[in-house]
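One structure is given below, encoded as structure tokens.
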Amino acid sequence: RQVVGSRNIDDVLTTEKEQVQTEVLLIMRQLAKDYESGIDVLQVLLQNVNPPLEVQSAFEDVVRAREDKERLINLAEAYQASEIPKATGEAAKVTEAAEGFKTGRIARAQGEADGFEAILEGYLLSPDVTRQRLYLEAMEEVLPGVTKFILSDSGVLPFLPLSGSTSGAGTIIGAGGGQ
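Per this note's numbering, the very first residue in the sequence shown carries number 2; after that it's consecutive.
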């Protein structure tokens, strides 16, 4: 009674049963020695440890609640163990994609900057020629699909492009250079 009375009943009935047995064994051995009874206590076993009948159902509810709690904790830990690697993999995938985008963007910007510097060098050497070249290159990009006709005082002359493409809408260029 002394050992059981100093503990929480839940612990005696569940987790500390072996500790209670060990403590009772030590106390009984000491008492047998103190009284010089000649009895040697070899073992103490708690065989039928149950709560009083009045609280049996409440105790069982508490035990079930604890078991449910442990089960839910185990489920949550299993879910966590499965989701963390997935999230880590997804984060690595997104990071890799971002790094690839960054590298591509930097390379494209560097290429554009190098191209601009090359144009600048040409412009500094010959501004008029570079300006004319840039204009012609822009026209090659803007007007490639347009069919052109040249108007002269003697009538409309078809423009024969050397690139081989004659598709697109017609543009009429007058003798004065207008459209």
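Don't be surprised by glycine CBs; every beta carbon is placed ideally from N, CA and C.
Query, Result
"Exposure label - residue 177; buried when at least 16 CB within 10 Å", "With a pLDDT of 48 at residue 177, under the threshold of 50, the modelled position of this residue cannot be trusted, and the question is left open."
"Simplified DSSP assignment, three categories, for residue 171", "In this prediction, residue 171 has a pLDDT of 49, which is less than 50 and means its spatial position is unreliable; what the coordinates show is noted afterwards. Looking at residue 171 - three-state DSSP - the assignment turns out to be strand."
"Rounded distance between the beta-carbons of residue 76 and residue 45, thought under 8 Å", "Incorrect: roughly 38 Å between the Cβ atoms, too far for contact."
"Cβ contact check for the segment 51-67 and the segment 8-16: 3 or more pairs under 8 Å", "yes"
"For residue 7, the three-state DSSP class (helix, strand or coil)", "coil"
"Spatial neighbours of residue 3 in its chain, beta-carbon cut-off 6 Å, leaving aside the 5 residues before and after", "none"
"The segment 20-34 contacting the segment 42-59, beta-carbon criterion three pairs below 8 Å", "yes"
"Length of the line joining the Cα atoms of residue 52 and residue 72", "24 Å"
"Cβ shell of residue 92 (< 8 Å), same chain only, five flanking positions each side left out", "none"
"Residue 89 - DSSP class collapsed to helix/strand/coil", "helix"
"Proximity of residue 131 and residue 120 at Cβ, strictly below 8 Å", "yes"
"Cβ neighbours of residue 40 in the same chain (closer than 8 Å, five flanking residues each side left out)", "33"
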